[in-house]
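Numbering (the working numbering), first residue to last: 300 to 453.
Idealized CB from N, CA, C, for every residue including glycine.
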């Protein structure tokens, strides 16, 4: 079983692949590419888990043009995790994906799409940390660092 961060990484990879396809080739060609992958035994839900096979199928079908799609996918993934794109078109994209995946796991990074859906206050609610919140009263039963965020001293 893989960690939630790795699962989120693979979901982000699938999202970035779809985004790269639609932005470079258009929605109709994107649908055709997904059909091509299905015919080669890679269903859409498995694109991110079997990305090496996806690259192989795209290379067989599109030739050197597939590198543009893969390069754009990797760039979008780096941007999704707010990481600096410090590689060129000729660098090994597989190595860059591996390095990014290791950075995501070691740094507990989340993609922008997940970070933008919630604010810090919605994540760090007092109720989530065991505080009892009654109207008109203040509880100092905070756990974690919530009390420091709000300036409550015990």
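- In the three-state reduction of the DSSP assignment, residue 379 falls in the helix class, which pools H, G and I.
- In the same chain as residue 396, and ignoring 5 residues on each side of it, the C-beta atoms closer than 7 angstroms to its own belong to 373, in chain order.
- Between residue 403 and residue 308, the alpha-carbon positions lie close to 8 angstroms from each other.
- Assigned with DSSP and collapsed to three states, residue 328 falls in helix.
- The C-beta distance from residue 381 to residue 411 rounds to 7 angstroms, short enough to meet the 8 angstroms contact threshold.
- Short of 6 angstroms from the beta carbon of residue 347, and not among the five residues preceding or following it, lie these beta carbons of its own chain, in chain order: 309, 312, 313.
- Apart from sequence neighbours up to five positions away, the residues of its chain that approach residue 349 with a beta-carbon distance below 7 angstroms are 341, ordered along the chain.
- Taken atom to atom, the span from the alpha-carbon of residue 316 to that of residue 393 is near 14 angstroms.
- In terms of Cβ geometry, residue 320 and residue 369 do not form a close pair [threshold 8 angstroms].
- The three-state secondary structure of residue 350, taken from DSSP, is helix.
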